[in-house]
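Peer 1: The structure's right below; bear with me while I get my questions together.
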Amino acid sequence: MPQLNRDTRHAISFTLNGKPAQGHAEPRMLLSDFLVHELGLTSVHVGCEHGVCGACTVRIDGAVGRACLTFAVQVDGKKVDTVESLTPEEGGLNELQKSFRSNHGLQCGYCTPGILMSLSAYLEENPKPSEDELRDMLSGHLCRCTGYVNIVRAVMEHVGNAP
Amino acid sequence: MKPSPFDYIRAASAEEALDGLAAHGEDARILAGGLSLVPMLNFRLVEPAMVIDISGIGALDYIRLDNGAVEIGAATRQSALERWDGIADRLPLVHAAFPHIGHYQTRSRGTVCGSVAHSDPSSELPLCLAVLGGEAVLRSAAGERRVAASDFQTGMLTTAKRDDEMVAAVRFPVAEPGSGYAFAEMAQRRGDFAIVALAASASGERVRLGVGGVADHPTVRQWDGLAGGALDDALNAFAWELGGYDDVHATARYRRELVRRLGRKVIEEARSCRS
Numbered sequence: 244m245p246q247l248n249r250d251t252r253h254a255i256s257f258t259l260n261g262k263p264a265q266g267h268a269e270p271r272m273l274l275s276d277f278l279v280h281e282l283g284l285t286s287v288h289v290g291c292e293h294g295v296c297g298a299c300t301v302r303i304d305g306a307v308g309r310a311c312l313t314f315a316v317q318v319d320g321k322k323v324d325t326v327e328s329l330t331p332e333e334g335g336l337n338e339l340q341k342s343f344r345s346n347h348g349l350q351c352g353y354c355t356p357g358i359l360m361s362l363s364a365y366l367e368e369n370p371k372p373s374e375d376e377l378r379d380m381l382s383g384h385l386c387r388c389t390g391y392v393n394i395v396r397a398v399m400e401h402v403g404n405a406p
Numbered sequence: 002m003k004p005s006p007f008d009y010i011r012a013a014s015a016e017e018a019l020d021g022l023a024a025h026g027e028d029a030r031i032l033a034g035g036l037s038l039v040p041m042l043n044f045r046l047v048e049p050a051m052v053i054d055i056s057g058i059g060a061l062d063y064i065r066l067d068n069g070a071v072e073i074g075a076a077t078r079q080s081a082l083e084r085w086d087g088i089a090d091r092l093p094l095v096h097a098a099f100p101h102i103g104h105y106q107t108r109s110r111g112t113v114c115g116s117v118a119h120s121d122p123s124s125e126l127p128l129c130l131a132v133l134g135g136e137a138v139l140r141s142a143a144g145e146r147r148v149a150a151s152d153f154q155t156g157m158l159t160t161a162k163r164d165d166e167m168v169a170a171v172r173f174p175v176a177e178p179g180s181g182y183a184f185a186e187m188a189q190r191r192g193d194f195a196i197v198a199l200a201a202s203a204s205g206e207r208v209r210l211g212v213g214g215v216a217d218h219p220t221v222r223q224w225d226g227l228a229g230g231a232l233d234d235a236l237n238a239f240a241w242e243l244g245g246y247d248d249v250h251a252t253a254r255y256r257r258e259l260v261r262r263l264g265r266k267v268i269e270e271a272r273s274c275r276s
């Protein structure tokens, strides 16, 4: 890739939730802003904008990442997944999302898409985490409503480790 | 919150990145995982004219054993080292530190070299590098040099790296047979910035203790054959020498107490791990 000029909006092509997507961004445009404002993915929630709160967590080539610490130009040619990617083909909620609903694992829901994206990657690596392991992983997300209790309950029930 | 405008190069090779640094010097910044640089860009604490992205350079994404050290390239993610099958045997101290290094969600993108290059005084990887006596491999278009960890980090977020250089790799010495290692940290939450972080190695009667989060860079002391009250005295003197400060997270007095108590704990744990 040649040098990208600061004042120019550059074409970006990538795979978003399994489908080709295009947009334009200046080099300084954060991936979080790009997904929300250019592509209308309002599920990407912007909280702290410095990598602490986890609300904007997405998957980039499969690995979890903070969209607010990534530039849109960096995902050119890559694969980005947001919480929309979790929707089953027939629509509705996937099993983990259903467990969040039935366990009241969210209140305002601002942190939820980020947490679900972390879990989608984490549970692939560690399908049956202990509660301690899960809480350690959740330390990368801020939730100011639930106190995490119902989030932990939802995940533990989902993975079949409910107390 | 937006970074100020910058030009961007996605470097295809280390040479391309180094040519960019040679041309732009202090106006350029290297971007790898972005976990340290991008928050500073978002806050406009740094406003480089040029950002050089090295995250896609395959030749810089490696972990290899070389001459008694584990060498880790500049594009290698922390999660790759965490999952490296040699980590527990070759780098037990780093292995023990890993749960404290950011979060699952940040280790997946953050790089090992990026953490060392950023040189936050409370970061775990620079602390481990200092205690183990490792090196930073600095490369420029003009050549390469290795700098000992103790000479590399010169203060808060400042290093011996020249503006035309990048941290191309870091080298952690492989664990010595018979030695023991231990790590402990106090933070508000697991993964947050350390109020105090401690790393120890023990080999025979010799112990090395490194402290992060108190002084403006990781500080290491080495003692021979200290035990009991003599060790307490040495830890107390070390705690005062570090020159702790009061801030919103903790008082200087509390930091000294953590150095004394956790210092003793990690030294004892490292000694008990000797084989």
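Protein sequences appear in the order of chains A and B. For the first sequence, my numbering gives the first residue as 244, with consecutive numbering after it. For the second sequence, my numbering gives the first residue as 2, with consecutive numbering after it. By construction, the Cβ of each residue, glycine as well, lies at the ideal position given by its N, Cα and C atoms.
(1) Which of helix, strand or coil does DSSP assign to B/T159?
(2) What is the DSSP secondary structure of B/E242, reduced to helix, strand or coil?
(3) Can you list, in chain order, the residues of its chain whose CB lies under 8 Å from that of A/A306, leaving out five sequence neighbours each side?
(4) Taking all protein chains shown into account, do 16 or more other C-beta atoms lie within 10 angstroms of the C-beta of A/R396, making it buried, or fewer, making it exposed?
(5) Assess contact between the stretch 38-58 of chain B and the stretch 181-189 of chain B, defined as three or more Cβ pairs (one per stretch) separated by less than 8 Å. Is contact present?
(6) Determine the DSSP secondary structure at B/G21, reduced to helix, strand or coil.
(7) When the Cβ atoms of the stretch 151-161 of chain B are set against those of the stretch 85-98 of chain B, are three or more pairs found closer than 8 Å?
(8) Between which two residues does the alpha helix (DSSP H) containing B/S116 stretch?
(9) In three-state terms, what does DSSP make of B/D234?
(10) Can you check DSSP and say which residues form a bridge with A/Q265?
(11) Check each candidate in A/I255, A/T285, A/R378 and name the one with the smallest Cα separation from A/M272.
(12) Report the partner residues of B/Y9 according to the DSSP bridge assignment.
(13) Based on Cα-Cα distance, which residue from B/G103, B/L94, B/G57 lies nearest to B/S37?
(14) Of the residues B/A238, B/A23, B/L128, which one's Cα is nearest the Cα of B/F99?
(15) Would you call the CB atoms of B/V208 and B/L259 closer than 8 Å?
(16) Quick check: is the beta carbon of B/D54 nearer than 8 Å to any beta carbon in chain A?
(17) Among the residues of its own chain, which have a CB less than 7 Å from the CB of B/D225, if the five just before and after it don't count?
(18) Leaving out five residues before and five after B/G211 in sequence, what residues of the same chain have Cβ atoms less than 6 Å from its Cβ?
(19) Over what stretch of residues does the alpha helix (DSSP H) that includes B/I88 continue unbroken?
(20) Whole angstroms is fine: what's the gap from A/L284's alpha carbon to A/L278's?
(21) Inspect the beta-carbon positions of B/I31 and B/M157 and report whether they are closer than 8 Å.
(22) Specify whether the stretch 73-87 of chain B and the stretch 110-129 of chain B touch according to this definition: at least 3 beta carbon pairs, one from each stretch, less than 8 Å apart.
(23) What does the Cβ neighbour count give for A/T300, buried or exposed, with the cut at 16 atoms within 10 Å?
(24) Can you pull the chain A residues whose beta carbon is under 7 Å from the beta carbon of B/P4, in chain order?
(25) According to DSSP, is A/T355 part of a helix, a strand, or is it coil?
(26) The stretch 345-360 of chain A: which residues have C-beta closer than 8 Å to a C-beta of chain B, in chain order?
(27) Rounded to whole angstroms, what's the CA-CA distance from B/L42 to A/V295? Just pull it up for me.
(28) Compare the beta carbon distance of B/I58 and B/S14 with 8 Å and say whether it is the shorter of the two.
(29) How is B/I268 classed by DSSP in three states: helix, strand or coil?
(30) Between the C-alpha atoms of A/G266 and A/E281, what's the straight-line distance to the nearest angstrom?
(31) Does the stretch 20-35 of chain B come close enough to the stretch 376-390 of chain A that 3 or more CB-CB pairs lie under 8 Å?
(32) Quick one: is A/R309 near chain B, going by C-beta distance under 8 Å?
(33) So A/Q265 contacts chain B; which residues on that side make the cut at Cβ distance below 8 Å?
(34) Can you have a look at B/P49 and say buried or exposed, based on whether 16 or more other CB atoms are within 10 angstroms of its CB?
(35) Measuring only the C-alpha atoms, how far is B/I64 from B/A169?
Peer 2: Quick answer:
(1) It is a strand residue.
(2) In the displayed model, B/E242 falls within a helix according to three-state DSSP.
(3) Answer for A/A306: A364, listed in chain order.
(4) The residue in question, A/R396, is buried, as its Cβ has 16 or more Cβ neighbours within 10 Å.
(5) These segments do not touch.
(6) Three-state result, B/G21: helix.
(7) No: the two stretches stay apart, fewer than three of their Cβ pairs being nearer than 8 Å.
(8) Annotation: the continuous alpha helix (DSSP H) that includes B/S116 extends over 113-119.
(9) Assigned with DSSP and collapsed to three states, B/D234 falls in helix.
(10) In the DSSP output, where bridge partners are listed per residue, A/Q265 has A/S256.
(11) Closest option to A/M272, judged by alpha-carbon separation, among A/I255, A/T285, A/R378: A/I255.
(12) Residue pairing from DSSP places B/Y9 in a beta bridge opposite A/L247, B/V52.
(13) Of B/G103, B/L94, B/G57, the residue nearest in Cα terms is B/G103.
(14) If we check each option's Cα against that of B/F99, B/L128 comes out closest.
(15) Taking 8 Å as the Cβ cut-off, B/V208 and B/L259 do not qualify as a contacting pair.
(16) Yes, B/D54 counts as interfacial toward chain A.
(17) Apart from sequence neighbours up to five positions away, the residues of its chain that approach B/D225 with a beta-carbon distance below 7 Å are E206, R207, ordered along the chain.
(18) So the list reads L128, A131, V132, A200, P219, V221, once near-sequence residues are dropped.
(19) Taken as a continuous stretch (DSSP letters only), the alpha helix (DSSP H) holding B/I88 covers 88-91.
(20) The C-alpha of A/L284 lies about 5 Å from the C-alpha of A/L278.
(21) Not in contact: B/I31 and B/M157 (Cβ atoms no closer than 8 Å).
(22) Yes, the stretch 73-87 of chain B touches the stretch 110-129 of chain B.
(23) Per the 10 Å Cβ criterion, buried.
(24) For the C-beta of B/P4, the chain A residues within less than 7 Å are, from N- to C-terminus, R271.
(25) It is helical.
(26) Within the stretch 345-360 of chain A, no residue has a Cβ that lies closer than 8 Å to any Cβ of chain B.
(27) Taking the straight line joining both Cα atoms gives about 15 Å.
(28) For B/I58 and B/S14, yes; Cβs fall inside 8 Å.
(29) B/I268 falls in the helix class under three-state DSSP.
(30) Using only the alpha carbons, I get a separation of about 7 Å.
(31) As far as the Cβ criterion goes, the stretch 376-390 of chain A does not touch the stretch 20-35 of chain B, which means the pair count is below three.
(32) Output row for A/R309: interface = yes.
(33) Simply none; closest approach about 18 Å.
(34) It counts as buried.
(35) About 12 Å.
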